[in-house]
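Notes to accompany the following structure.
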């Protein structure tokens, strides 16, 4: 028995696999940005009310976030280019039509992201340190920008699948596609974003790259582990109704059952990993390895199930001829060669920086 | 077998021509991205000068806000690059779809370069000060190579649109990628990137308060040497001109006054910048202050704008030469659409159907939407009521029926005689300020005459646009 996506015709399977792998990379940074912007937004709002947290662990988390969010946003955008490319190959007509129907509303995500990017730099500027009202306002605008982008992507995805609604959506000129499925989906992405961002932040703190004192870092990691323990199973549970598995017909449910089992197992493993971190927050790496592996499995299961439902909704027969034609075009070898060179360059950069940080000199 | 049409919803940009929208964003994107590419190279050059002891104060520029400018420009360049994808979808989904389908591995390869650029750029930005000179130089070289690489890949795709070369017959993407205009375009853009970065650096150097006048002069002279590629730009421009298809060359050399003017504006601005860089800076006859540098930078923006306008314009009547007309109809579909109609299978209704006085006008509005709206408005920029308003009704019918002969850079009309008549009536009705009553036109004799004109014109593009098809973009 073959499992999705390996049961698909070769060209479609190949592009679905590439979409899943690159989307997984995008999700890591996107989750960091989504949850991070909310953490900073909430902290900023509390600051505006004069409720500045005294807990140094929480302060350490927000400091790391402020420091790394600009990079995380640019990495999320860069990582998003590849899945965007493969979506255009897999579901070109559907994706383009949804883009066109939403028009200015959809296009607005580009300037909104530019605004968010600049404001993140402003947020970490020394110039506004201590100005709580301004900091709070900036953080909340960033949060609103990120949520707007998340909402827009979900709206675009759902509209792309609702072919029957296209003519009327166009005729009315409505740039907003109202669907009751949008809010629960956004809820899922937020909760799962918190679970994923908790792991990533805990990794940052445990690797001591943040300049945070060990004792404070341990308490912050413990705090993040609590978030992870709660958010991971919650994300798994919310996914079932939010991503449409409950409402899908029997055939679709059975088709995605193995993927949902994998996602559920991943959520359980991740929660166990976070629990392990909670028990040993001063030496959290083993727990974080388990949590990260579990989250990876969870995301792969959920993302694959999402693609299964999308392909079923559109109908593979209407797509496969295009995939077959596009799949014959050359260039893969060139891509793979440069992927190896690119990864080697990135590895060299990381190693060089690591050695410089620890006073070990240049790599030979 | 005729490739089936894929219908997409068409948005109305109001009085603004769609080309202006994508052109505006494109110019902004190209300018920023070229600055980021040239900026990376210039930083590597500064690092080399500093560590060789040739210009120790170059390190101060590197550690000034210049690095932020390069980094921020890269990110905004990447974002507006995604914006270009989205805007291209809005303007012509068929064109960008074909580009993505054909070159998806090239785009995926470019994505790898983006990653290297992001990581190298941030590593330098965050940790540059704790790295050794050797590591700093290597990092900046990696950043520069990655930046140049992203230009290399996208340049192949963009130049393929104008001169797809043997790809049209063989489907070999590398024959299309390394096409007739690839190299002149690549070298020209590289020189432009270096010039833009040099001018930004000249502005930055003039704002640095911790260097002496002598140090500032030395920095600006070194920056001018970096910009010397500007002297090659006229040669590269001529090479590009010779490599483009003959009909495209004719548009820019007087055939289309708008394109000729934009080309001249770009050339004029480049000559001014080049003259200043060579005479004033390299020969050390002049000192460039912040205001002058800013003015030259504005000229560089103008040159970029002119160049990009010309690059977009010379492809007419195609968006991908020999493959896809500007209105997303393929050459192979024209004859078929003249039989079945371009509005027959369109699933998207009119947004304002009640506005029109009769069904013929509604059909005309649909024809305008599918055939004309990508480049024209009704009464705004490049509006049909302005372009066709002074013609008699028979002139309108004949000129649209023989569209590719009326104007060589227009595609052949791809619809039935009834649709053509509907379009003519639609334009006349709009020009008449859309009265509530409007009689339907078109008796059998009129349709027969239109059909005769359509047949006379044929389904091929204008002879001038076919002239050098065999050489696919080579000079005649």
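Chains as they are written, first to last, in my numbering: chain A, 1 to 364; chain B, 1001 to 1476. Even for Gly, the Cβ is constructed at its ideal location relative to N, Cα and C.
- Note on geometry: alpha-carbon atoms of residue 90 of chain A and residue 261 of chain A lie some 25 Å from one another.
- Cβ contact annotation for residue 23 of chain A (same chain, cutoff 7 Å, sequence separation greater than five): 83 and 303, in chain order.
- Under the 8 Å criterion on CB atoms, residue 1287 of chain B is classed as non-interfacial with respect to chain A.
- Chain-order list of chain B residues neighbouring residue 114 of chain A: 1076 and 1079, by C-beta distance under 7 Å.
- Neighbours of residue 89 of chain A in chain B, taken as residues whose beta carbon is under 9 Å from its own, are 1100, 1101 and 1104 in chain order.
- Across the set B:1158, B:1153 and B:1195, the C-alpha of B:1158 shows the shortest separation from the C-alpha of residue 1026 of chain B.
- The three-state reading of DSSP puts residue 1324 of chain B in strand, counting E and B together.
- Restricted to the stretch 97–170 of chain A, the alpha helix (DSSP H) segments that are unbroken, complete and at least 4 residues in length are 109–123 and 132–161, listed in chain order.
- Taken through DSSP and simplified to helix, strand or coil, residue 1125 of chain B comes out as helix.
- Restricting attention to B:1313, B:1007 and B:1177, the CA atom closest to the CA of residue 334 of chain A is found in B:1177.
- Proximity to residue 1015 of chain B across B:1385, B:1119, B:1391 and B:1381 peaks at B:1381, based on C-alpha coordinates.
- Contacts between residue 127 of chain A and chain B, judged by CB atoms closer than 8 Å, are missing: the closest CB pair is about 14 Å apart.
- Just so you know, the alpha carbons of residue 1419 of chain B and residue 1095 of chain B end up roughly 24 Å apart.
- From the beta-carbon of residue 148 of chain A, no residue of chain B is found nearer than 9 Å; the closest lies around 15 Å away.
- Under the three-state reduction of DSSP, residue 1318 of chain B is assigned to strand.
- Between residue 1142 of chain B and the set A:356, A:344, A:357 and A:354, the nearest pair of CA atoms involves A:344.
- Taking C-alpha positions only, residue 1164 of chain B is separated from residue 1408 of chain B by approximately 20 Å.
- DSSP places residue 1289 of chain B outside any alpha helix (DSSP H), giving it a letter other than H or E.
- Distance from residue 1347 of chain B to residue 167 of chain A at the Cβ level is roughly 6 Å; contact confirmed, criterion being Cβ atoms closer than 8 Å.
- Short of 8 Å from the beta carbon of residue 160 of chain A, and not among the five residues preceding or following it, lie these beta carbons of its own chain, in chain order: 91, 94, 95, 97 and 98.
- For the set B:1401, B:1339 and B:1106, the Cα lying nearest the Cα of residue 1174 of chain B is the one of B:1106.
- Looking at A:288, A:359 and A:352, the one whose alpha-carbon comes closest to that of residue 1120 of chain B is A:352.
- Residue 229 of chain A is a Cβ neighbour of residue 274 of chain A, given a cutoff of 8 Å.
- Flagged as an interface residue toward chain B: residue 334 of chain A, by a C-beta distance shorter than 8 Å.
- If you check each beta-carbon in the stretch 34–57 of chain A against every beta-carbon of chain B, none falls closer than 9 Å.
- The shortest C-alpha to C-alpha distance from residue 1417 of chain B to any of B:1448, B:1101, B:1186 and B:1272 is the one to B:1448.
- From the listed residues A:232, A:254, A:237 and A:244, the smallest Cα separation to residue 269 of chain A is found for A:232.
- Pairing residue 1033 of chain B with residue 1113 of chain B, the inter-Cα distance amounts to about 13 Å.
- Residues of the stretch 154–169 of chain A with a C-beta less than 9 Å from any C-beta of chain B: 166, 167, 168 and 169, listed in chain order.
- Here residue 317 of chain A is exposed, its C-beta having fewer than 16 other C-beta atoms within 10 Å.
- One thing to note: residue 33 of chain A has its Cβ within 8 Å of the Cβ of residue 73 of chain A.
- Residue burial annotation: residue 277 of chain A is buried, with at least 16 other C-beta atoms found within 10 angstroms of its C-beta.
- Interface residue (Cβ-Cβ distance to chain B less than 8 Å): residue 204 of chain A is not classified as such.
- Among the residues facing chain A, residue 1181 of chain B is not included, as its CB has no counterpart in that chain under 8 Å away.
- The residue among A:235, A:327 and A:175 with its C-alpha nearest the C-alpha of residue 294 of chain A is A:235.
- For residue 1409 of chain B, the nearest beta carbon of chain A is not closer than 8 Å to its own beta carbon.
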